[in-house]
Amino acid sequence: TQLLEQSPQFLSIQEGENLTVYCNSSSVFSSLQWYRQEPGEGPVLLVTVVTGGEVKKLKRLTFQFGDARKDSSLHITAAQPGDTGLYLCAGIRGSYIPTFGRGTSLIVHP
Amino acid sequence: DTGVSQDPRHKITKRGQNVTFRCDPISEHNRLYWYRQTLGQGPEFLTYFQNEAQLEKSRLLSDRFSAERPKGSFSTLEIQRTEQGDSAMYLCASSFAPRGVVETQYFGPGTRLLVL
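From first to last, the protein sequence lines stand for chains A and B.
Here this note's numbering is used: the first residue of the first sequence is 1, the next is one more, and so on.
Here this note's numbering is used: the first residue of the second sequence is 1, the next is one more, and so on.
Below, the structure is given as structure tokens:
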């Protein structure tokens, strides 16, 4: 059983479209992180959200942590080919070792 | 380049052989993590060091796996008697987190292992 469920698993869109990916769990996390991973490389941290209901913006990316700190979403506005990659969410409970979801693989076509 | 480095980047070996991977963390980071990632999955935690002490090991880390960080700097991960199921990307990450701060882990590029 996956502790963190990410959806959709795959997403293929055209440049300029908007998209939202989701990260859901039945567990409460003290914080949640989003990473982006390109093929053949390690994940790179995009954001950490800590407070329930928190919204953080990073240019065209908007991250939200659920009020109950069990879920999160990532919204990308006007996607660009450079956004292509695997988007991973990772929850942290108690210890500082993150538990990763399976990721959403995003392809943005020019 | 002052990021996390891993060596080798790719390794092909035959079943039953031993392999060793190296990770050089960011120099001032006291924590070092090893993860394994297979296709279609997120990274899975294997083990973690604070300085030279190995503080936690996952149940995924069978007896064939051993990790060391002898001087609290670089780390090695050895897999003995490799099996085809060991084929994966092995990721290293390092961090430094003052008390009370959610830490940021910096990942290396990974070592991709293929066991034939």
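Glycine included, C-beta positions come from ideal geometry on N, C-alpha and C.
- Message: the ligand ZN and A/Arg102: does the residue's C-beta get closer than 6 angstroms to at least one heavy atom of that ligand?
- Response: In the structure shown, the ligand ZN is absent, as is every other ligand, since no ligand is present at all.
- Query: So which residues of chain B does A/Ile107 contact, with C-beta pairs closer than 9 angstroms?
  - Reply: Here residue 107 of chain A corresponds to residue number 107 of the first sequence, with the count starting at 1. Those within 9 angstroms of A/Ile107 in chain B number zero; the least Cβ separation is about 15 angstroms.
- Query: Quick one, are the C-beta atoms of A/Thr84 and A/Ile107 less than 7 angstroms apart?
  - Reply: The count along the first sequence starts at 1 and reaches residue 84 of chain A at position 84. The count along the first sequence starts at 1 and reaches residue 107 of chain A at position 107. Result yes, Cβ atoms of A/Thr84 and A/Ile107 sit closer than 7 angstroms.
- Message: Assuming A/His75 is part of the beta strand (DSSP E), what are its boundary residues?
- Response: Translated into positions along the first sequence, residue 75 of chain A becomes position 75. From DSSP, the beta strand (DSSP E) with A/His75 extends over Asp71 to Ile76.
- Under 7 angstroms between the Cβ atoms of A/Arg36 and A/Val47? Residue 36 of chain A sits at position 36 when you count from the first residue of the first sequence. Residue 47 of chain A sits at position 47 when you count from the first residue of the first sequence. Contact flag unset, no.
- Message: I'd like to confirm the pairing. Which residues does DSSP put opposite A/Ile97 in its beta bridges?
- Response: As a position in the first sequence, residue 97 of chain A is number 97, starting the count at 1. According to DSSP, which records beta bridges pairwise, A/Ile97 is partnered with nothing at all.
- Message: Quick check on the burial criterion: 16 or more other C-beta atoms within 10 angstroms. Buried or exposed for A/Gln33?
- Response: Taking the first sequence and counting its residues from 1, one reaches residue 33 of chain A at position 33. It counts as buried.
- Task: Find the residues of chain A that neighbour B/Phe107, judging by a C-beta separation of less than 9 angstroms, and give them in chain order.
- Result: The residue given as residue 107 of chain B occupies position 107 in the second sequence. Per Cβ cutoff of 9 angstroms: Tyr35, Gln37, Glu41, Gly42, Pro43, Val44 and Leu45.
- Message: I'd like to know if A/Phe100 contacts chain B, where contact means its C-beta is closer than 7 angstroms to some C-beta of that chain.
- Response: In the first sequence, counting from the first residue as 1, residue 100 of chain A sits at position 100. Proximity of A/Phe100 to chain B, defined by a Cβ-Cβ separation below 7 angstroms, is satisfied.
- Item | Chain-order list of residues whose beta-carbon lies under 8 angstroms from that of B/Ser75 (same chain, five-residue window excluded) | Here residue 75 of chain B is taken as the residue at index 75 of the second sequence, counted from 1. By the criterion of a C-beta distance shorter than 8 angstroms, B/Ser75 is surrounded in its chain by Arg22, Cys23, Pro25, Leu32, Trp34, Phe49, Ala67, Glu68, Arg69 and Cys92, once the five residues flanking it on both sides are discounted.
- Message: Can you confirm whether B/Phe45, when its beta carbon is compared against all beta carbons of chain A, has any partner nearer than 7 angstroms?
- Response: Taking the second sequence and counting its residues from 1, one reaches residue 45 of chain B at position 45. Look at B/Phe45: its C-beta is under 7 angstroms from a C-beta on chain A.
- Query: Going by the beta-carbon positions, is the gap between B/Ser62 and B/Phe45 smaller than 7 angstroms?
  - Reply: Taking the second sequence and counting its residues from 1, the one referred to as residue 62 of chain B is at position 62. Taking the second sequence and counting its residues from 1, the one referred to as residue 45 of chain B is at position 45. Between B/Ser62 and B/Phe45, the C-beta spacing is not below 7 angstroms.
- Using a beta-carbon distance cut-off of less than 7 angstroms, what residues from the region 18 to 32 of chain A approach chain B? Of all residues in the region 18 to 32 of chain A, Ser31 have a Cβ within less than 7 angstroms of some Cβ in chain B.
- Message: Helix, strand or coil for B/Gln84? Go by DSSP, reduced to three states.
- Response: To locate residue 84 of chain B, count along the second sequence from 1; it is residue 84. The three-state reading of DSSP puts B/Gln84 in helix, counting H, G and I together.
- Message: Just checking: is the beta-carbon of A/Leu3 within a distance shorter than 7 angstroms of some beta-carbon in chain B?
- Response: Stepping through the first sequence from its first residue, residue 3 of chain A is reached at position 3. Under the Cβ distance rule, A/Leu3 does not count among the residues neighbouring chain B, no pair being separated by less than 7 angstroms.
- Task: Spell out whether any CB of chain B is found under 7 angstroms from the CB atom of A/Thr104.
- Result: One-based indexing of the first sequence puts residue 104 of chain A at position 104. No, A/Thr104 does not count as interfacial toward chain B.
- Could you tell me whether any Cβ in chain B is nearer than 7 angstroms to the Cβ of A/Leu11? On the first sequence, residue 11 of chain A is found 11 positions in, with the first residue counted as 1. Closer than 7 angstroms to the CB of A/Leu11 there is not a single CB belonging to chain B.
- Query: Apart from the five residues just before and just after A/Ile92, which ones in its own chain have a Cβ nearer than 8 angstroms to its Cβ?
  - Reply: As a working mapping, residue 92 of chain A is identified with position 92 in the first sequence. If we look at A/Ile92 and ignore the five residues flanking it on each side, its Cβ neighbours are Phe29, Ser30, Ser31, Leu32, Gln33, Pro98 and Thr99.
- Limits of the beta strand (DSSP E) - the one that B/Leu60 falls within: Within the second sequence, residue 60 of chain B is the residue found at index 60, counting from 1. Per DSSP, B/Leu60 belongs to no beta strand (DSSP E) and is neither H nor E.
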